[in-house]
Each structure stands twice: as structure tokens, then as C-alpha cells.
Amino acid sequence: MLLVGYTAKRHITCTSTYLPPKKQNPHLSKDAKTLNIKPTKRKKMADEETSESRNQARLKILELANMISVPMSLNAVVRLNVPDAIWQGGSNSPLTASQILTRVLPSRDGADAENLQRLLRMLSSYGVFEEHLNGSERKYSLTDVGRTLATDSDGLSYGPYVLQHHQDALVSAWPLVHEAVVDPTTEPFVKANGEPAYDYYGKKPEMNGLMQKAMSGVSVPFMKAILEGYDGFKGVQKLVDVGGSAGDCLRMIQRKHPNVREGINFDLPEVVAKAPPISGIIHVGGDMFKSIPEADAIFMKWVLTTWTDDECKLIMENCFKALPEGGKLIACEPVLPNETDDSHRTRALLEGDIFVMTIYRAKGKHRTEDEFRKLGLAAGFPNFRAFYIDYFYTVLEFQK
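Numbered per numbering that gives the first Met the number 0, the sequence shown spans residues 0 to 399.
Right, here's the structure in full:
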């Protein structure tokens, strides 16, 4: 029987017989002697490896150069309601492009199934759809990734998030990203559209409505996750949600934690003016850079990310003033890892960081845990904890 970590050895009885060493070619390199490979063959192998590496590099840069095809194709299939057409309440039966067209454009003559199939094939290579090939016939169903784009039982999906990210006003800012490097006071979105993104949204009801749907589609799954995995709302009786929009997150918190008897949904006056009445919640308009309503605890989600370090410090200082001794600021933000890798999570966080730089603020950014800790200290918070509950957002707790 062999034990882990134990190497079995055969015991060999040695004699004193002398065996002279074999003669070796003095012209062979040390490595070639060891591997018994002629230098010319080794050079050929090295050349082949170098050639293969270069070919892979060329393919990679071609893929990156054409990467815009991915989000724009994703945008196209969402606009056409393809995910819902395939999902059909949970059936997810594989369909041909022609069958999908009869569902999404039933009265449209001349719609091109071949062009739709081209979109589906490309997105299948990125794991959005699953391709079922039978001879020359191709059918498509949704993968787990694709299912996030189909409307769920709550009427939500990540579809609006995809559409919101690729509206004309946002897309027009991307060719100007390099200018944020040349001059960090340059805001790509402002240069492309003449005003900051939030001001622009405020004047475009359709865009603003899409953004609200996008945020709901992203927020609800996240809120469900943190309400199951984070217990920091226990004992809180009065809670302020800074940047709470329509009050959806605050309502979910109160349902899970009835001890939160008084909720204050705090946002810009023009935002809360459109918020629906919610039992146990009052809507308060104001400016977080000036003051924040007092409460036992303050909650915010994806607020600090879009502001500079100095602006974040000011927001957090106002939170500190509004809290009692022992009170806490609960901020849910994307947190960058210290080391860069090629995982889906790291890429999503870093891509989101560039989105912030391009659309919101050139010096607004995703931050590391240590950067958030230092911001908290600068604002007066002596205690800090981070809870990695969700795959994208992290719960950051700053205690007074």
C-alpha cells in the first residue's frame, strides 16, 4: 500500500562492474544532448512555436479590433426581442432564424433571416445562444447568459441595460476616450453632447425611462443577494437611501427588515417628484453635496463610483454628519481587485470603469477596497468592512 507523500523504491543490488560512458558528439548543445534532438530539428521546432505564437497574436488583435461587433449585435437582438421570442415563458425550444422572425416580426415582409442568423452565430461564439446544427439547418436556444436578456416573472431583464449602454448619445462619446488621457478635465460625453450625462438624461424622458428600467433590471437581483447575505440592517429603525430614485431598493429592505420603520428616499427634486407613493417611505428632494437627512444608517448604491475622490469625500463627510455615534454608511459599489487577471468578473469591473470614465466623469472611477478604506478615513469613518456577497457589487460598511 502506498501512502500520500511516500515514494516507493525498488532495491537493486549493485556490483562493481565498470561501464564506460558513451561517446557524445561535442558539437551538440547541452540541451540537445539531454533531449537527443539535433540542433536543426530544435531550430525548426522553435521557429514553428514562434510562428504559431505570432499567428495567435494576430488572431487576437483582429478579434479585439472587431470587438464592437459583439455589443452592437447584442443590442440588435435585444431591440428585436429575440431572447423573449426564444424563451416563450420558459420553453426555450431551439428555433431557426426564420422561425424567430415570424415571432418578432409577424407582419413584416422582407425581413432577412440570413442576416439574423449571422448575428445569432456570432453571439453563439460568445455563449449568449446555443447553436443546434443538423445538417445545414441551424437552430438557436438561450444559454444561461442569454436568459438574463429574457423578461422574468417580475417583468425585469438585463435587456434595458444593454440598450441603455448603446444609445446614440453614449456611443458618440467613445471615440473621444483618448482625450481624457491627454487632458483629464475633458469629459468625453460632455464634449460629444454639450452637457453632462445626468443633465442630458433629465431632458430626454425616453432615455431617462430606459435608464430607470436598466437600473431596476440590475438592482433587483443584486438586492435579493445582499438581503440574503448581509445582516447590517438589523437594529436600524430609520434608514436613508441616497440616490434612491423611485424607492425600489428601500422598499425591498423594509420588506426583509420590518425593523426599518422609517425610510427616506433621498434624490434630486426632479427625480423624487416622479416617485410613486410607498407605505413607510417618504420621498425627500435635495443635494447630497450640501446635506443629507439624519438617520440611524445611510444606504447608497452605485453613487460613489461616478464621482472624483474629492467629491466622494464631500459626500461621505455629509453622511458622517448625518449619522449618530455608531451609525453606519452602507455603500454598495463595484470594487476592483488588486491584481489584474482575465476572469469574467475582473473584465466586467474594468470595462465598467472605462464606461464611467467615458460617460460620467473622466476622474470618476471604480476603486479598490484599499482606496475605499482611505476615502472613509479621510471623511472621518474610523471603522471599515467589505462584504463580497455579489459577483459585481461589494457591500462597503463605514461605521462612525
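All C-beta atoms, glycine included, are put in the ideal place defined by N, C-alpha and C.
- Under the three-state reduction of DSSP output, V241 falls in the strand class.
- Sorting A149, T95 and A196 by C-alpha distance to the C-alpha of V355 places A196 at the top.
- Judged by DSSP in its simplified three-state form, E293 adopts coil rather than helix or strand.
- Each residue's CA atom was taken as its position, placing H256 and Y229 some 11 Å apart.
- DSSP places K300 within a strand segment (E or B) once states are collapsed to three.
- In the DSSP secondary-structure assignment, D266 is bridged to G284.
- Runs of alpha helix (DSSP H) with 4 or more residues, each lying fully within the stretch 125-164, are found at 143-146 and 158-164, listed in chain order.
- Ranked by Cα distance from G379, the first of I358, Y387, E316 and V181 is E316.
- The three-state reading of DSSP puts Q166 in coil, since its state is none of H, G, I, E or B.
- Every alpha helix (DSSP H) of 4 residues or more that sits fully in the stretch 174-217 is shown, in chain order, as 178-181, 187-192 and 196-201.
- A distance below 7 Å between beta-carbons, with the five flanking residues on each side excluded, links R384 to the following residues of its chain, in chain order: E396.
- Looking from the CA of D309, the closest CA among K362, Q236, A172 and H164 belongs to K362.
- When DSSP reads this structure, Y392 sits in a beta bridge with P333.
- Within its own chain, the residues whose Cβ lies closer than 7 Å to the Cβ of P159, once the five positions on either side in sequence are excluded, are L209, K212, A213 and G216, listed in chain order.
- The DSSP-derived three-state label of L79 is coil.
- In this structure F288 is exposed. Its beta-carbon is surrounded by fewer than 16 other beta-carbon atoms within 10 angstroms.
- The beta carbon of V270 sits closer than 7 Å to those of S244, all from its chain and outside the five residues before and after it, given in chain order.
- Counting other Cβ atoms within 10 Å of its Cβ, L322 reaches 16 or more and is therefore classed as buried.
- Judged by DSSP in its simplified three-state form, E51 adopts helix.
- Distance from the Cα of V76 is smallest, within the candidate group E186, G145 and I252, for G145.
- F386 is bridged by DSSP to V394.
- K233 carries a coil assignment under DSSP once its states are collapsed to helix, strand and coil.
- Residue state for I277 is assigned as strand, using DSSP reduced to three classes.
- By the 16-neighbour rule on beta-carbons within 10 angstroms, T39 is exposed.
- Judged by DSSP secondary structure, R107 falls outside any alpha helix (DSSP H); it is assigned neither H nor E.
- P220 and A149 have their C-alpha atoms some 14 Å from each other.
- Rounded to whole angstroms, the gap between the alpha carbons of N337 and N382 is 21 Å.
- Taken through DSSP and simplified to helix, strand or coil, T39 comes out as helix.
- Of the candidates E293, I99 and L249, the residue whose Cα lies closest to the Cα of P275 is L249.
- Linking K190 to A172 through their CA atoms gives a straight-line distance of about 8 Å.
- Residue pairing by DSSP places T367 opposite L335 in a beta bridge.
- Between the stretch 90-99 and the stretch 133-147, the count of Cβ pairs shorter than 8 Å is three or higher; the stretches touch.
- Taking C-alpha positions only, H365 is separated from D352 by approximately 5 Å.
- In this structure, E350 and T304 do not form a Cβ contact; the two beta carbons are roughly 13 Å apart against a cut-off of 8 Å.
- Within the same chain, and ignoring the five residues on either side of T393 in sequence, the residues whose Cβ sits closer than 8 Å to its Cβ are C331, E332, P333, V334, E368, A385, F386 and Y387.
- Annotation: F232 to V170 spans about 39 Å, alpha carbon to alpha carbon.
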